[in-house]
Amino acid sequence: MNVAAISHRPTEDYICPEGRDSLAIELTAARGDCKTVSLWYWPRGEDDPKKRQKREMALSLRDAYKDYYRVRITTPGISAYTRYCFCLEFEEETLWLGGKGFQTREPDTQENFFEFLWPNPSDCDPTPAWTKEQIYYQIFPERFCNGDDRLTPANAVPWGNAPTRENFMGGDLRGVLKKLDHIQSLGATCLYLTPIFKAPANHKYDTADYYEIDPAFGTKEDLRALVTEVHRRGMRILLDGVFNHCGFFWPPFQDLLAEGESSRYRDWFFPHSFPVTTEPCNYDCVGHYKWMPKLNLANPATEEYFIEVGKYWIRNFDIDGWRLDVADEIPTAFWTAFSTAILRLKPDALLLGETWGDAGKLLAPNRLHTAMNYLFRDTAVDWLARDAIKPSAVDHRLNNMLALYPEAVSQRLYNLLDSHDTARFRYLCADKNRHKLAVALQMTFPGCPAVFYGDEVGLSGGNDPGCRMAMEWDERKQDRELLQWYSDLIRLRKESTSLRSGWFKTAFVDDDANVFAFYRFCEGETSLVILNAGPETYQASLKEEGWQKVFPLPSTDNPTVVSPEQTIAVPACCVEIVQKKVKVQK
């Protein structure tokens, strides 16, 4: 019995309101230590122990060291002044845990308890429902499609040349508009465009004007036309907000260079001394890159400026939200102010933050809604591309990752395999079948899958600039089999309630065979996903009857019924997905 490993606090990390009358509660314990964990709860003022409600908590997640127990409760009225304690049953004894610690006898209602005080509306999850079932499609506009040759920079290289950090190829907003049929036929529902505002570099992360579209990309009318058509198709669109830093040629920074200590923008940046110089560089800059000066968003004037930028593009162009660059290097107080202002203007807007690790500090209810899930990407790469970890490590890492956030947050994380800042997954993966397995994992795992443009047709390149190549539009050069694989999995996900929004639980792992399997289940449907990354066919034994094979897609309209022996053969380096209709209770 490892009492020291048991953890609960009456804070948002362990208890949070999901509505005015519902609470989600979590407790962690050492892996395999508890037989059962139950929540006992009652309203303040209720003195009769016999009237306490008791709910067994589900062993929701399990990593290498911890078990994560979760439960949702609904209270008769609002959840204010809900008192509770935990009953933990071990092999050798039973303990109760309350705010005063552990005890070996059952506490009375006034003795040892935690208390949830009040479900303020701003403490509840404010995220719009649409954000939990998206298929994202990330576009690097300069390399996606040339829709208007007249906008192409004079020094551009021919479309399809090897990408460099300096060259241009002529992609623009009209090109994105032109290719919406492709994006929609793939099944994507939300576009994320890397920066489109005026900037000298091809990537546009060195902003020179936050209120103008880059001339090489088009005009504000081009953006308005794109947003209108995206919305007409029932899709959404996010723009990239680069508010952590600016470009070297942004006028306020140029003013700091020219005026030095007397500049009105002195407090907008972090100069170390005066005059401000680039050689040596004596000011803070992102990634120690002198062409991208770091912004001081703790300064009220800077904060106000960028909040107004965020509001401007929503108010005037009806974009659906922002992807926010380097979000984890920006003060959380700014995100609170930014979120409040944006959601007041557009309550169903989405705020998506960039981070490469634990996004916990960004995803409080009054900050950002979701984040780029590089932890998912790193696990997929290490297992299926680099062959550096076994399925048991995959299991531990994915469970630990899901445990970082409330379940509702995990359902809307931006699950990517690669991006404009990484090598393409296909480049890292020597075997295309491993890439297909990674796509299957991505499309069936909790969260929102995110496709980086061109991955679906087999684009392959190393990290920046290699990953930022021109999109291949010649169907003869596209990997059409891979495109079909993406399309089929996206369609299956969209048609399946359990794969879209079901709970997650590991089914089994087999390190020797290199197999990882998990359930997604909801009321009425359970899916079982079996990923075989090994070199041999794997015979998976199923415990229940009634499973039907749904992927790879059957050749007829009728699902394939699993054999009477309740086994299914999973070919080498392949995935099998089976489903059954069943009433379940979490």
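FYI, in the numbering used here the residues of the sequence shown are 98 to 683. The beta-carbon is built from N, C-alpha and C at its ideal position, and this holds for glycine as well.
For residue i, name the three-state secondary structure that DSSP assigns.
{"i": "L192", "result": "strand"}
{"i": "P368", "result": "strand"}
{"i": "I103", "result": "coil"}
{"i": "L214", "result": "coil"}
{"i": "K683", "result": "In this prediction, K683 has a pLDDT of 45, which is less than 50 and means its spatial position is unreliable; what the coordinates show is noted afterwards. Here K683 sits in coil by DSSP."}
{"i": "A669", "result": "coil"}
{"i": "N512", "result": "strand"}
{"i": "Q231", "result": "coil"}
{"i": "V339", "result": "coil"}
{"i": "W582", "result": "helix"}
{"i": "R590", "result": "helix"}
{"i": "F615", "result": "strand"}
{"i": "W410", "result": "helix"}
{"i": "D352", "result": "helix"}
{"i": "V675", "result": "strand"}
{"i": "E622", "result": "strand"}
{"i": "T429", "result": "helix"}
{"i": "D576", "result": "coil"}
{"i": "P140", "result": "strand"}
{"i": "T535", "result": "According to the sequence displayed, residue 535 carries Ala and not Thr. Helix."}
{"i": "I334", "result": "strand"}
{"i": "D607", "result": "strand"}
{"i": "E153", "result": "strand"}
{"i": "T375", "result": "strand"}
{"i": "Y380", "result": "strand"}
Return the Cβ separation of residue i and residue j in integer angstroms, given the expectation that the two are a contact with Cβ distance under 8 Å.
{"i": "F618", "j": "L628", "result": "Not quite, the Cβ-Cβ distance comes to about 17 Å (not below 8 Å), so this is no contact."}
{"i": "Y502", "j": "L460", "result": "6 Å"}
{"i": "L510", "j": "T541", "result": "Not a contact, Cβ separation roughly 14 Å."}
{"i": "S593", "j": "Q663", "result": "Wrong, their Cβ atoms sit about 21 Å apart, outside the cutoff."}
{"i": "E401", "j": "R420", "result": "With 8 Å as the limit, E401 and R420 do not qualify as a contact, their Cβ atoms being about 22 Å apart."}
{"i": "P444", "j": "N611", "result": "With a Cβ gap of about 46 Å, P444 and N611 do not count as contacting."}
{"i": "L277", "j": "V327", "result": "7 Å"}
Does the Cβ-Cβ distance between residue i and residue j come in under 8 Å?
{"i": "K710", "j": "G599", "result": "Missing from the structure shown is residue 710; the chain here goes from 98 to 683 and no further."}
{"i": "R684", "j": "D245", "result": "Given a span of 98 to 683 for the chain in the structure shown, any question on residue 684 remains unanswerable."}
{"i": "F473", "j": "G544", "result": "yes"}
{"i": "G418", "j": "L442", "result": "no"}
{"i": "P339", "j": "D422", "result": "With the sequence shown as reference, residue 339 is identified as Val, and Pro is not the correct amino acid for it. Yes, Cβ-Cβ distance for V339 and D422 is below 8 Å."}
{"i": "K591", "j": "G331", "result": "no"}
{"i": "Y178", "j": "W137", "result": "no"}
{"i": "P546", "j": "N512", "result": "yes"}
{"i": "A456", "j": "E115", "result": "no"}
{"i": "I404", "j": "F435", "result": "yes"}
{"i": "L392", "j": "C343", "result": "yes"}
{"i": "V373", "j": "Y380", "result": "yes"}
{"i": "I439", "j": "G407", "result": "yes"}
{"i": "F294", "j": "E309", "result": "yes"}
{"i": "L625", "j": "Y635", "result": "no"}
{"i": "W347", "j": "T375", "result": "no"}
{"i": "Q79", "j": "S516", "result": "Since the first residue of the chain shown is 98 and the last is 683, residue 79 is not available in this structure."}
{"i": "V554", "j": "L580", "result": "yes"}
{"i": "D311", "j": "A296", "result": "yes"}
{"i": "P107", "j": "F211", "result": "yes"}
{"i": "F414", "j": "L556", "result": "no"}
{"i": "R565", "j": "P140", "result": "no"}
{"i": "A313", "j": "F237", "result": "no"}
{"i": "A430", "j": "L465", "result": "no"}
{"i": "L248", "j": "D269", "result": "yes"}
{"i": "V536", "j": "W480", "result": "no"}
{"i": "R149", "j": "R128", "result": "no"}
{"i": "E633", "j": "A669", "result": "yes"}
{"i": "K216", "j": "S176", "result": "With the sequence shown as reference, residue 216 is identified as Pro, and Lys is not the correct amino acid for it. Yes; because the gap between Cβ atoms is below 8 Å, this pair is in contact."}
{"i": "L589", "j": "V647", "result": "yes"}
Shorter than 8 Å from the beta carbon of residue i to some beta carbon of chain C?
{"i": "E401", "result": "Going by chain labels, chain C is absent from the structure shown, which holds only one protein chain."}
At a cut-off of 7 Å, would you count residue i as near the ligand FAD, judging by its Cβ distance to the nearest heavy atom?
{"i": "L460", "result": "This structure lacks the ligand FAD, and indeed carries no ligand of any kind."}
Do the region 493 to 502 and the region 155 to 173 make contact, defined as three or more Cβ pairs closer than 8 Å? yes
Does the pairing of the region 181 to 197 with the region 528 to 535 give three or more beta-carbon distances under 8 Å? no
* Count the C-beta pairs between the region 570 to 584 and the region 606 to 620 that are closer than 8 Å, then say yes if the count reaches three, no if not. => no
Would you be able to state if there are at least three C-beta pairs under 8 Å between the region 361 to 369 and the region 333 to 353?
yes
- Task: Assess, as a yes-or-no matter, whether the region 120 to 134 is touched by the region 168 to 179 under the definition of 3 or more beta carbon pairs within less than 8 Å.
- Result: yes
Are there three or more Cβ pairs, one per stretch, closer than 8 Å when the region 391 to 406 is compared with the region 368 to 379?
no
- [ ] Enumerate, from N- to C-terminal direction, the unbroken beta strand (DSSP E) stretches of 3 or more residues contained entirely within the region 431 to 465.
- [x] 447 to 450
Could you pull out every unbroken beta strand (DSSP E) segment of at least 3 residues lying fully inside the region 477 to 521, listed in chain order?
511 to 513
Discussion item. With three or more C-beta pairs closer than 8 Å as the rule, is the region 517 to 524 touching the region 132 to 147?
Written reply: no
Next on the checklist: Which complete beta strand (DSSP E) runs does the region 105 to 133 hold, if anything under 3 residues is left out?
Outcome noted: 112 to 116 and 119 to 127
Check whether the region 98 to 110 and the region 183 to 192 are in contact - that is, three or more C-beta pairs closer than 8 Å.
yes
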